[in-house]
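Numbering (our numbering), first residue to last: 1434 to 1676. Here a beta-carbon is modelled for each residue, glycine too, at the ideal position from N, C-alpha and C. Here's the structure we're looking at; comments come further down.
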């Protein structure tokens, strides 16, 4: 079962891998849209003020535009090392064993505005593009991604941990979904926003540390419990992660 994570706005810089080669990414059926978006983002980067406006950046973030300009020539690194931030801090890839890192590369994927989906080991450069961005050359990203991403995931069992802007890029109606909640003494639950990503990172970590495959909601609950997490089903394919 594939765990689909949200990306991070922030990315690790640099890398030791060769420049971007779309043919090395998982799911080659996405490559035509990937190539179109890479071209659009590189072209946009030639106009720094326009890039800042489209990407919602300040003048102090011009380095992000420079990285977009170098998408085709910049070094790459595995996707799970490229993305940073709270979720990935709690996944804490660097402290996993070799076997666990191998499982992470196979079990974890990241939703990406630029690449659609990248699996954990896919080599990618640093870039800046959000799920809600509208590139002048392409229009809304959802109109590009939904027609290809939705069928690409149709036959894949998925645990969907994406955030709203990335959920809108592809519908995965058969996915297992997880809501992060708090519970008061009366048992009333409320969705968590501030610590949402941290606990999703911990859940992803529990999944890759387990030798057992996630094959069902029941097995996911057991794996989470082994990692010290409390998951409770709220529907056939829905669970609450209670924190």
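Item: Would you list the one or two residues that DSSP bridges to residue 1552?; Value: 1542
Item: From the DSSP output, in three-state form, read off residue 1440 for me.; Value: coil
Item: Given a threshold of 16 other Cβ atoms within 10 Å of its Cβ, counted over all protein chains shown, does residue 1572 qualify as buried or as exposed?; Value: exposed
Item: Would you report the Cα separation of residue 1439 and residue 1546, rounded to the nearest angstrom?; Value: 10 Å
Item: Taking C-alpha atoms, which residue in 1602, 1667 and 1452 lies nearest to residue 1563?; Value: 1602
Item: On the criterion of 16 or more Cβ atoms from any shown chain inside 10 Å, does residue 1525 qualify as buried, or is it exposed?; Value: exposed
Item: Have a look at 1450, 1483 and 1661 and flag the residue whose alpha-carbon is nearest the alpha-carbon of residue 1570.; Value: 1483
Item: Does the region 1466-1486 come within contact of the region 1525-1541, defined as at least 3 CB pairs closer than 8 Å?; Value: no
Item: Starting from residue 1656, trace the alpha helix (DSSP H) both ways and give me its first and last residue.; Value: 1650-1659
Item: State the start and end residues of the unbroken beta strand (DSSP E) segment that holds residue 1482.; Value: Premise fails: residue 1482 lies in the alpha helix (DSSP H), 1481-1488, not in any beta strand (DSSP E).
Item: At the level of alpha carbons, what is the spacing between residue 1627 and residue 1577?; Value: 30 Å
Item: Out of 1519, 1549, 1458 and 1534, point me to the one whose CA is closest to residue 1634's CA.; Value: 1519
Item: Using 8 Å as the Cβ pair cut-off and three pairs as the minimum, do the region 1494-1514 and the region 1603-1623 touch?; Value: no
Item: When the distance is taken between beta carbons, is residue 1542 closer than 8 Å to residue 1553?; Value: yes
Item: Please look up how many angstroms separate the CB atoms of residue 1638 and residue 1668, rounded, as I've assumed it's under 8 Å.; Value: Residue 1638 to residue 1668, Cβ: 25 Å. No contact.
Item: With 16 as the cutoff for other CB atoms within 10 Å, does residue 1461 come out buried or exposed?; Value: exposed
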